[in-house]
Every structure is written in C-alpha cells, then in structure tokens.
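Accompanying notes for the structure given below.
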Amino acid sequence: MYFFNHYFFKKNNTYSSKIQKVFLKQKKHTTSVAKGKKPFTSLSKRLKANKLKPSKLTFVKNLLQTESVRMGSIEPHPKRRLEHLKKQSLLLKEADFAYLFKEVSNTQSNGDRRFLSVYLLSLSQNSKAKPYLEKIISASINQKIAAPRLYEQELVIKMHAIKGFLPIIKAEGSYQAQAKQLLQRQENPFLVKFIRNLL
C-alpha cells in the first residue's frame, strides 16, 4: 500500500482580510451619522452586499494545498494522518470530486497534488466519486512517456483509483459484474494482474 506523507498548514487570509476591511469601513461610516449620512445598518448586510462568500471549492482547495505540502516528508504518526485524511475525505461533495478529478487528469500538474487528489477520491468511497475513479482507471496512459518514473507515476495513480473503485461497487451489490467489466476494459497487463489480486 502506498501512503502519502504530508502536512504543513498555510493559512489563507484572503477571506479574513476582506472582513477586516468591512469592519474598518463600518467604523468610518458610523462617524457620519452626525453629518446626516446614512451608516451601514449591520455588518452582516454589508458582508452580503460585498458578496463576501467563500467559494464552494474553498474546502477542497485548502485541503489539497495544505496536505500536499508535506508530501514526501517523514510522518511520525502515519495512522493518525490516515485517519485525518479519511475524515476529511468524508466531507467532500460532488463538486469537490470533480475538482480532484481535474487535478488528477492534468499531467502538467504537480505530482504530489495528483497523488493526493486520487488518494482522497479513493478514501472517500463515495458513490458520487465512482464515475471519476472509473474515468481515471479507463484512461489510457500516454505511450510517449519516455521517463520510467513518470510512467510508474501513472500506474500508481490508477492503482489508487482501483482500490477506491472496488469497495464502491461492492457496496452497490454488483461487485462481480462490474469487476469483470473493469478487467475486460483494462489493457495494461500489470494493472490486470493488480485487479485480479484484489478480487
């Protein structure tokens, strides 16, 4: 089993800095009452007016950035880290799965981010992640990849996708049929053997 070591947290102060600016503006405008100017009625309305709402993908983006920083470092408590990632993966939504799939599919992206993306998809064992895992598994590996290390990287990504895909189809009650289809569509001999060993 492959396990990725990560973890160095970088705080994103973008959202909090915007809120701070609103506070400063509100403080400034409260002094305008004596001058006959209308002050802000409430901070919440001001926030709404400025549309200071976090992106729907903020969670998964921060998770990916935070955890990928520690990739390759020595993790003193691997079991705790695995439990942490598992809990985080359970919080992912369908939009997050789509974002992670896009990250995995981008061969120009950082290798650590791609590994972590497929790992989170696999850990979630969510039926909504299934189509994305299936696409990763069925995608052909670029035969023009000359560097053995890069070719092996693609194999590892597919192996993680397979390990996440199988528990999902097992929970659906159609394990044998879908596993058979998975084998039939797989052309890579190494991955065929890998799938057979997991069945």
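Whatever position you read off the sequence shown (first residue = 1), add 1080 for the numbering used here. By construction, the Cβ of each residue, glycine as well, lies at the ideal position given by its N, Cα and C atoms.
- Residue range E1174 to S1185 is occupied by the alpha helix (DSSP H) that includes V1184.
- By the C-beta criterion, the segment 1138 to 1155 is judged to be in contact with the segment 1171 to 1183, since at least 3 inter-stretch pairs fall below 8 Å.
- Of the candidates G1191, T1138 and I1275, G1191 places its Cα closest to the Cα of E1234.
- For L1278, the closest C-alpha among the options E1252, G1253, S1254 and F1245 is that of F1245.
- Per DSSP, the unbroken alpha helix (DSSP H) holding S1169 starts and ends at P1158 to S1169.
- Here F1195 really is in contact with I1237; their C-beta atoms are around 7 Å apart, less than 8 Å.
- By the neighbour-count criterion, in which 16 or more other beta carbons inside 10 Å mark a residue as buried, N1222 falls on the exposed side.
- The C-beta distance from L1203 to L1213 rounds to 11 Å, too long to meet the 8 Å contact threshold.
- With a cutoff of 7 Å on beta-carbon distance, K1210 and I1248 are scored as near each other.
- Within the same chain, Cβ atoms closer than 7 Å to the Cβ of V1184 are found at R1194, S1197, V1198, I1216 and I1237, the five residues on either side in sequence being excluded.
- Taking the Cα positions, Q1205 is about 23 Å away from R1150.
- In its chain, beyond the 5 residues on either side, L1279 have a beta carbon closer than 6 Å to the beta carbon of A1259.
- Residue state for E1147 is assigned as helix, using DSSP reduced to three classes.
- Non-local beta-carbon contacts of R1265 in its own chain, meaning distances under 7 Å to residues more than five positions away in sequence, involve S1218 in chain order.
- A residue is called buried once 16 or more other Cβ atoms fall within 10 Å of its Cβ, and K1136, having fewer, is exposed.
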